[in-house]
Ligand SMILES: NC(=O)c1ccc[n+]([C@@H]2O[C@H](COP(=O)([O-])OP(=O)(O)OC[C@H]3O[C@@H](n4cnc5c(N)ncnc54)[C@H](O)[C@@H]3O)[C@@H](O)[C@H]2O)c1
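Residue numbers (my numbering): 360 to 622.
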């Protein structure tokens with residue numbers, strides 16, 4: 360693994376398991392000091408153990424991304440420990456389905472509240488810190504930079520899906536949030552991008568073969584792995600993607616671009 364993020368400070372929300380855990384592990388493997396932030400502190404500690412065993416540097420923190428005070432304190436804790444925040448990955452989210460005609464206000468508010476409003480609060484608190492640190496004297500040129508923000512969206516934010524009115528709307532909103540933040544924050548040396556994963560296998564219960572409705576339009580014909588999303592997030596977090604901002608990268612096995620698969 361490279362040392363693209365050597366000495367940099369990073370945080371990943373929802374990194375106690377699943378895709379967020381893989382992202383935290385990947386950033387740490389590239390040299391970042393990673394805050395593993397999750398509403399489930401035990402899960403966050405498990406991720407820190409995995410990173411430590413692999414030789415990386417990480418620490419756990421409880422956060423509820425739907426609570427402004429909690430998000431503000433999370434960013435403050437990173438700065439208290441490392442003096443700055445170079446990379447933030449806003450990953451915490453829920454994927455729950457409900458038929459549109461039965462969808463309750465509570466359900467809608469819960470999904471939008473975590474996936475979209477939570478990402479807004481994380482993005483804003485992180486960006487305020489990155490603006491404050493932009494241009495500060497540092498040890499090298501990179502230290503004078505604002506930072507990089509990566510949102511984890513979904514291909515469900517790109518097209519419609521059964522039962523996904525709330526989830527899809529939350530992720531579609533997140534994609535536009537990415538674009539608008541990228542434009543407003545560019546003058547502060549902050550780049551903002553998103554990854555839109557397709558179906559990713561995050562638990563054994565999913566089995567090895569995606570359901571037929573997925574396979575029908577999945578050119579790579581398999582679930583993605585959390586590590587394959589993490590690789591894209593790490594690219595967007597690194598200086599290597601220095602001319603990329605406001606973009607949404609699919610990590611979806613070609614699912615989003617597939618049309619007629621046969622004939
Ligand atoms: N798994 C997929 O196939 C898939 C596909 C596309 C997009 N995504 C997106 O990727 C992200 C991660 O998905 P996953 O499948 O790894 O999810 P997951 O349910 O496995 O993990 C989510 C993590 O977020 C944490 N979390 C939940 N609420 C929180 C809160 N309020 N504050 C802080 N942390 C909180 C959970 O404790 C958990 O550790 C989500 O945003 C999801 O929408 C997932």
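Glycine is no exception: its CB is placed at the ideal position from the N, C-alpha and C atoms.
No Cβ-Cβ contact shorter than 8 Å links residue 453 with residue 431. The C-beta of residue 591 has 16 or more other C-beta atoms within 10 Å across all chains shown, which makes the residue buried. Taking one beta carbon from each stretch, the segment 533-552 and the segment 518-525 have fewer than 3 pairs nearer than 8 Å; the two do not touch. When 556, 446, 504 are compared, the shortest CA-CA separation from residue 481 is found for 446. With respect to the 8 Å criterion, residue 380 and residue 444 are not classified as neighbours on the basis of their beta carbons.
Taking all protein chains shown into account, residue 484 has 16 or more neighbouring C-beta atoms within 10 Å of its C-beta and is therefore buried. The three-state secondary structure of residue 552, taken from DSSP, is strand. In this chain, the alpha helix (DSSP H) harbouring residue 526 covers 524-544. A straight-line Cα-Cα distance of about 10 Å links residue 372 and residue 378. Here the alpha carbons of residue 406 and residue 397 stand approximately 10 Å from one another. For residue 507, the pairing in a beta bridge is given by DSSP as 446, 550. Under the three-state reduction of DSSP, residue 492 is assigned to helix. In the structure shown, the three-state DSSP call for residue 575 is coil. Taking non-hydrogen atoms of ligand 1 into account, the C-beta of residue 570 is found less than 7 Å away from none of them.
The DSSP-derived three-state label of residue 365 is coil. Under DSSP, residue 370 shares a beta bridge with 394, 447. A distance of 8 Å or more separates the beta carbons of residue 384 and residue 364. Closer than 7 Å to some heavy atom of ligand 1: that describes the Cβ of residue 372. Shown here for residue 588: same chain residues with a beta carbon closer than 8 Å to its own, the five before and five after excluded, namely 378, 381, 382, 511, 554, 556, 559, 610 in chain order. Boundaries of the beta strand (DSSP E) around residue 609: 607-610.
Only exposed fits residue 616, as fewer than 16 other CB atoms lie within 10 angstroms of its CB.
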